[in-house]
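Counting along the sequence shown from 1, when you hit position 105 you're at 131 in this note's numbering, and nothing is skipped either side. Here a beta-carbon is modelled for each residue, glycine too, at the ideal position from N, C-alpha and C.
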Amino acid sequence: MKNIFRIFMHDAKRLYTNVVAVVVIMGLAVIPSLYAWFNTLSNWDPYSESATSNISVAVASDDLGISIDDAKLNIGDKIIANLKENKAIHWVFTDTSEDAINGVYSGEYYAALVVNERFSEDMISFLGGDINNPVIHYYENEKKNAIAPKITGKVKTSIQTEVDKAFVSTLAKILLEVSEYAISDNQGTNLTNTALNKLYDLDGDITTCITIIDSYVSLIDSAGAVMDAAKEVTGELDALKETGKSMADAAQATTNVAENTVDTVSDIATQTMNQTEGKLSLLYDEMNELYNSINLNTNITDKQIDSIITALEAIKNAYDLGIKNVRDTTNPTISSDAAKVDADMDKISSDLNSLKPLPSMTLEDARNAIDATRADIDACRNGIKTLSRNYTYSVKPQLRQSVNSVENSLLEVKNLLNYSSDSINDLANILHSYPDMMKLGKGNLLSTRAEVVKMQTGLRDLIKDMEDLENNEQYQLLAKIIETDPEIIADFIVEPVSLDKQPIFPMQTNGDATAPFYIVLSIWFGALILVAIMKTKVKPIVGLMNVKPYQEFFGRYVLFFLMGQLQTIITYAGCMFYVQINCEHPVLLYIGCAFTSFSFTFLLYSLTYAFGSVGEAICVVLMVIQVAGSGGTFPVEVLPGFFQVLYKYMPFAYGLSAFREAIGGLYKYDFLWALLGLLVYVMVSFLIGLIGMRGKKFEAFIERKLEEQDVIG
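Take a look at the structure:
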């Protein structure tokens, strides 16, 4: 132990008494710290606005704009105006896009943003159905600097995000305002209530219609009583030939009633066709609502389709009963028209059955199916109009003409007072035919009444569903949301999730985050220049006898150790008081620096002691590998696999871990684990030193070969 101390004192005395040596020692102590200080300062806060505002990015707009209802819209100009308010980057607004792009090529600008000439037009292209994504061209000079493109790239992404947000916000606001209108009218009245009131009114109208039909049935019953009376009268005509004139008058009166009955029956047929046409119009309107529902993405249920099919069957049944006497006519035109309407009815029924899978159809197939159904309904309505017109102007006049003929015959009888039995029998036969017509008309009216009652039942079911919908909590919640300020909801849609950043072990500046790497690098660099400039071999000392190899090894290392600690103190003090890094645990940072210096100086000293110049080369190689692969600048996980494998064997990794714990904050025992990792390298260094103590022949061989070439030494 005494020899170790004597060797150290001998080294210290020789340095102290040599001015040049003192200057060199001072340089060795200070130079490594400069590496840590200046690199930390240069990386202090490169991403702050004060720093990035010096990066020049050119901006130009070729947007031609677009005219909408005599209003000129140019979104490119709005982007330029917004960027003029942005101070994060030094925006340079050029007159033309060519100037901006050429500036990027020349290196005058780091990047350039050029708004496409169709930007405004493409931004609203969705309104026309032919969607084109608007384009902002981005040019960047990637060779000018490695980091600048990353900064300008973030700005580029930020601009794209802001434009997207503005577009989505505006569109969402418009849609919400439209939805709000759909929920309530411009007076603020709830449209569901309004619809219910309309349905209540319609229910009342249907009730009135049923009452009117009942009145017609009663009227026909009354006419039947009259006809029964006429039968009794005609049965006694033979016995009352002497009173023929009075009977003729009675027959005339009866004929008037029959004429009215014919009109009633004809009107029933006409009314049936008109009602059928009206019901088909309602069915057409339902198909329109169905078409609008699928366009608005409203859910279509099987129940809705089935109700429409049921309604058509009811319409068809009522129509069949109401125009039975029309079909029986011998008029070929009427028969042809009726057959065409029947065919159209069957086609509509087929169309509606094909709509049953509508909820699962594609939007295009659904539209085509509904369009086909609407076309067939329209054709059927036109066919009924044609049938009604031909019936009104062909068959009905014939019936009236028949009645008029009877009336004229009676007038002749009355005028001629011809009590011919044959004429009376003819009159009786004519009168006997009217009860059948009255029976048919009554049957049609009763069938129509049944269909109307069925329709009213369906309407009341709809009213009940509407009332349930109005009282539904989810519907009320949706209405309440839509009635909220559209601008607030639009802002929420644009950014529904806010990111609450909770920094764990926060680093206040980028300099604080990079300081561990540059400190550990400066400590290694300091140890490296020590072994490069100071000698590791001890020459014989006068008066010092029987010096063991281990005494020489540790005796000289004491000087290296103290020089390393001096370098560490200067580096630490400069980082804390000159650079002023933010450190959570300053004392632990110093302990980590001191222990790291001990580990590094001992390792590099042992390598150089054992292998001479080759050892120095190994020290340099180790530094180069660790600078690239220790995770000081980039996460280890993004480095090539070679470095990821070597990472856990690098001394840098443990020094970095210790410094990060001290600067950013402690987590459990990570700081101690880092020191233990460095301690492993102390033991490895000792083993290397043992090789050096015993392997003099190898070192001598290396040194001899280096001296022979007379170049490297």
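- Span of the alpha helix (DSSP H) holding V85? It is not in any alpha helix (DSSP H) - V85 instead sits in the beta strand (DSSP E) that spans S82 to S87.
- Item | Residues that DSSP places opposite W117 in a beta bridge | V83
- Item | For R32, the three-state DSSP class (helix, strand or coil) | helix
- Task: Would you grab the beta carbon distance between M387 and A398 for me? Rounded to a whole angstrom, and I think it's under 8 Å.
- Result: Going by Cβ atoms, the distance from M387 to A398 rounds to 13 Å, so no, they are not a contact pair.
- Let me know the secondary structure DSSP gives V564 once reduced to three states. In this structure, V564 counts as coil in the three-state DSSP scheme.
- Would L389 be called buried (16 or more neighbouring beta carbons within 10 Å of its own) or exposed? exposed
- Continuous beta strand (DSSP E) assignments of at least 3 residues falling wholly in the stretch 118-145: 137-141
- Message: Just verifying my parser: in three-state terms, what is the DSSP assignment at K98?
- Response: Strand at K98.
- Item | DSSP-derived helix/strand/coil call for D37 | helix
- Message: For the pair the stretch 707-716 and the stretch 625-642, tell me if three or more CB-CB distances fall below 8 Å.
- Response: yes
- Query: Can you list, in chain order, the residues of its chain whose CB lies under 6 Å from that of Q482, leaving out five sequence neighbours each side?
  - Reply: I232
- Note down, in chain order, each residue of its chain lying with its Cβ closer than 7 Å to the Cβ of P358, except the 5 sequence neighbours on either side. none
- Message: Between the alpha carbons of N29 and M589, how many angstroms are there, rounded?
- Response: 20 Å
- If you drop the 5 nearest sequence neighbours on each side, which residues of the same chain put their C-beta closer than 6 Å to that of F31? Once the five neighbours on either side are set aside, F31 has no close Cβ partner at all.
- Pull up the DSSP beta-bridge partners for Y165, would you. A138
- Message: Strictly by DSSP, which residues pair up with S93?
- Response: K98
- Item | For S656, the three-state DSSP class (helix, strand or coil) | coil
- Cβ-Cβ distance between Y164 and F551 below 8 Å: no
- Relative to the alpha-carbon of A541, which residue among F579, A558, T597 and F587 has its alpha-carbon at the smallest distance? T597
- Query: According to the neighbour-count rule (16 or more other Cβ atoms, all chains shown, within 10 Å of its Cβ), is K694 buried or exposed?
  - Reply: The residue in question, K694, is exposed, as its Cβ has fewer than 16 Cβ neighbours within 10 Å.
- Message: I need the DSSP call for E111, collapsed to helix, strand or coil.
- Response: coil
- At which residue ranges does the stretch 400-428 contain complete alpha helix (DSSP H) runs of 4 or more residues, listed in the order of the chain? none
- Query: Which term fits Q652, buried or exposed, when burial requires 16 or more other beta carbons within 10 angstroms of its beta carbon?
  - Reply: buried
- Message: If I measure Cβ to Cβ from Y73 and keep anything under 8 Å in the same chain, skipping five residues before and after, which residues do I get?
- Response: Correct list, in chain order: I177 and N536.
- Query: Quick one: any contact between the stretch 464-474 and the stretch 293-312, if contact means 3 or more CB pairs under 8 Å?
  - Reply: yes
- Query: Is S79 near A38, with beta carbons less than 8 Å apart?
  - Reply: no
- Can the beta-carbon of T634 be found closer than 8 Å to that of V573? no
- Consult DSSP for N536 and reduce its assignment to one of helix, strand or coil. Here N536 sits in helix by DSSP.
- Taking the CB atoms as reference points, tell me whether V367 and I410 lie closer together than 8 Å. Closer than 8 Å, so yes.
- Query: Should A684 and F697 be called a contact, given that it needs their Cβ atoms to be closer than 8 Å?
  - Reply: yes
- Task: Decide if V161 is buried, meaning its Cβ has at least 16 other Cβ atoms within 10 Å, or exposed.
- Result: exposed
- Task: Please state whether DSSP places A172 in a helix, a strand or coil.
- Result: coil
- Looking only at C-alpha atoms, which of E111, N343 and L99 sits nearest to I150? L99
- Item | Where the alpha helix (DSSP H) containing G581 begins and where it ends | P575 to A599
- Item | Secondary structure of P385, DSSP reduced to three states | Three-state result, P385: helix.
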